[in-house]
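Participant: Protein sequences, first through last, are from chains A and B.
Position 83 of the first sequence, counted from 1, bears residue number 83 in the working numbering, the numbering being contiguous throughout.
Count along the second sequence starting at 1, add 112, and that's the number in the working numbering.
We put the CB at the ideal spot given by N, CA and C, even for glycine.
Here the structure is a predicted model, which is why all the values come from computation and not from measurement.
Have a look at this one before I ask anything.
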Amino acid sequence: QQPVQSPQAVILREGEDAVINCSSSKALYSVHWYRQKHGEAPVFLMILLKGGEQKGHDKISASFNEKKQQSSLYLTASQLSYSGTYFCGTEKVTNRDDKIIFGKGTRLHILP
Amino acid sequence: ETGVTQSPTHLIKTRGQQVTLRCSSQSGHNTVSWYQQALGQGPQFIFQYYREEENGRGNFPPRFSGLQFPNYSSELNVNALELDDSALYLCASSLEPSGGYEQYFGPGTRLTVT
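In C-alpha cells:
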C-alpha cells in the first residue's frame, strides 16, 4: 500500500511557495519526509506522529491529518537549494512492525 | 553527513552472478534497513535487521539475503543476479526499528547487471 504523492512534479521560481501532498489508504502511525538530490542519498527532513501535529524548521513545515490519512509538506519562500525529489514514507498504525513504505516522489525544480 | 557509509560505490555484474553490498551504520544504531531504488522511483523496502536478527521483509525473493554484525555493519547479498536487479541500493540506520524513529541513509551502491 504505497502512499500516493501529488503533484508528481512542480517547477517554481525562487521565493514562491509549494505544497506537496501524501495520502494513504491505511490508517497511519507516522509520516516521514525526505529530500533526495540527484545522485545523492535521501536526507531526513521530519517525522510526524499521529496526533495531528505540525512541525517545521526554517521555511519547511508539515502537517499530518490522521483522520484523512494525509500529510502535506509546505515549502515557503523556496530557495534554489530546495530543488530535488521529495519522498514521503508512511508507517501503518495497525502493526507497528510494518516498515516505512515510500511514495514515488515529487520532483521539485526551483528556477532563479 | 549522516555517518552511514556504503561500499562499493558502483558495481557492474553479469546476470547469474552473486554480489555482496556493505553498509556501516551510525554508531549506536541497532537497526538497519535496506532499500532498492530504481531510477525515478521511491526506495523500496527489502528487509530490516534489528540486533542481528531479521525484523521484517518486503516483497523480495529469498535470493536477497542479509546479515547484521555486532559492530554496526551489515551486508546485503543477492544471488543469481537478474537484469532487473540493476538499481541503487540504499541502507538506512536508525536507533529503533519502528515507532517513528528517523532513518539516516547511506550514499548508496549503484549496481548494474549486464
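Rounding to the nearest angstrom, what Cα-Cα distance links residue 153/B and residue 182/B in this structure?
Facilitator: 32 Å
Participant: When you compare each of 8/A, 68/A, 45/A and 11/A to residue 26/A by their alpha carbons, which one comes out closest?
Facilitator: 68/A
Participant: Three or more beta-carbon pairs under 8 Å between the segment 179-198 of chain B and the segment 140-154 of chain B, yes or no?
Facilitator: They touch, by the three-pair rule.
Participant: Under 7 Å, CB to CB, which of the residues in the segment 182-203 of chain B have a partner in chain A?
Facilitator: So the list reads 202, given in the order they occur along the chain.
Participant: So, is the C-beta of residue 42/A closer than 9 Å to a C-beta in chain B?
Facilitator: yes
Participant: Mind checking whether residue 221/B and residue 123/B have CB atoms under 9 Å apart?
Facilitator: yes
Participant: Where does the unbroken beta strand (DSSP E) through residue 181/B begin, and where does it stop?
Facilitator: Counting along the chain, residue 181/B falls outside any beta strand (DSSP E), and DSSP gives it neither H nor E.
Participant: Taking only beta-carbon positions, decide if residue 161/B is within less than 9 Å of chain E.
Facilitator: Given the protein chain composition of this structure (A and B), no chain E is represented.
Participant: Which class does residue 213/B belong to by DSSP, given the choice of helix, strand or coil?
Facilitator: coil
Participant: Beta-carbon within less than 7 Å of residue 199/B's beta-carbon, same chain only, minus the 5 sequence neighbours each way: which residues are those?
Facilitator: The residues 148, 149, 150 and 223, in chain order, have a CB closer than 7 Å to that of residue 199/B in the same chain once the five nearest residues on each side in sequence are set aside.
Participant: Is residue 140/B close to chain A, meaning its C-beta is less than 9 Å from at least one C-beta of that chain?
Facilitator: no
Participant: Taking all protein chains shown into account, do 16 or more other C-beta atoms lie within 10 angstroms of the C-beta of residue 35/A, making it buried, or fewer, making it exposed?
Facilitator: buried
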